Amino acid sequence: MKVVIALGGNAFSRPAEPITQEGHLRNVEAAARVVYRIIQEGHRVLVTHGNGPQVGFFVELQKDRPAFLLDSLTAATQGLLGYLIVSALDKYLGRGRSVAVVTRVEVDCDDPAFKDPTKFIGSLYTEEEAKALAEKYGWVFKRDPRGGMRRVVPSPTPLKVVEMEAIRQLFEEGFVVVAGGGGGVPTCDGRGVEGVVDKDLASALIAAGLGADFFIILTDVDGVYLNYGKPNQKKLATVRVDELEKYYYEGHFPPGSMGPKVLAAINFIRRGGKKAAIGALEEGYEVFKGEKGTQILR
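Residues in the sequence shown are numbered from 1 upward in steps of one, following UniProt numbering.
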């Protein structure tokens, strides 16, 4: 079976932890063990991953003098995090059996997202700090639900994975491929653009392009809930894609958190995938076996 696993940001950095290489290496071990257990059963695995905390970290480092734009920072963090995942997998698979691919995705230059930035990146600022940065660099800020002002950037819809053929060939040759980090570097008309592509939507594109059987999104919650965080919340243990799509368009899943994950799972199955699942990283193997998380069926 061909399996694509999309790792959330908690695969590298826990919210309360400072960003360090040591911490990243320690946290990614859990993901490497999940991948290895699945491979041991005879399945082939491709890994994608988020990069939000890391891109935010580098944005903050250069806020006094932005030397590189978001397309370059996405590429840089793809290399950094891909290296850490490959290093963790080396311990289980042996050196040279996994490979990280810096991945670009094509977007529409006229995507409405470029006129209405919504993706939060970086730290929280006071209104005075945000105004000064906006005047200095032309950045756009919006109020974060947690309080304070935060930079927002466009999040265009991914249309095509530029390196898809190379990824497919490496995968078919038996390599564990790490690709699509941070949603890929957004490009239009052959050039990188300032924005962040949702990694789950891009991962679904890769999974469909690979002809994967199973698409798994591992995050920091144990599944998909209706009325999440409310007294009447209800976990969806198993759900058909038609039912999940109905819930999605009824507005049950917030656009900034579970919404893109649910949409990515729906897109994958609509493009021919057999099954998808969303669950917690720590329960990744059990999610693969169908024992945990939310299992999404045709």
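Note that beta-carbon positions come from the ideal geometry of N, C-alpha and C, so glycine has one too. The model shown is predicted, which means the values in this text are computed figures rather than measured ones.
(1) Distance check for D220 and L124, CA to CA, integer angstroms please.
(2) Can you name the start and end residues of the beta strand (DSSP E) that Y225 belongs to?
(3) Express the C-alpha separation of L218 and A276 in angstroms, rounding to a whole number.
(4) Out of T187, T238, G272 and I39, which has the shortest C-alpha to C-alpha gap to R97?
(5) With a floor of 3 residues, list each beta strand (DSSP E) that falls wholly inside the segment 115–140, ordered by position along the chain.
(6) Touch check for the segment 150–168 and the segment 84–99: three-plus C-beta pairs under 8 Å?
(7) Assign L205 to buried or exposed, taking buried as 16 or more other Cβ atoms, counted over all protein chains shown, within 10 Å of its Cβ.
(8) Where A11 and L281 are concerned, what is the direct C-alpha to C-alpha distance, given to the nearest angstrom?
(9) State the DSSP-derived secondary structure class of G96, mapped to helix, strand or coil.
(10) Distance check for R151 and Y137, CA to CA, integer angstroms please.
(11) Could you tell me the distance, in whole angstroms, from the CA atom of Y228 to the CA atom of K234?
(12) Could you give the residue range of the beta strand (DSSP E) that holds V101?
(13) Would DSSP call G284 helix, strand or coil?
Inspection of the coordinates gives the following:
(1) 22 Å
(2) V224 to L226
(3) 11 Å
(4) I39
(5) 119–125
(6) no
(7) buried
(8) 7 Å
(9) coil
(10) 11 Å
(11) 7 Å
(12) No beta strand (DSSP E) holds V101; DSSP gives it neither H nor E.
(13) helix
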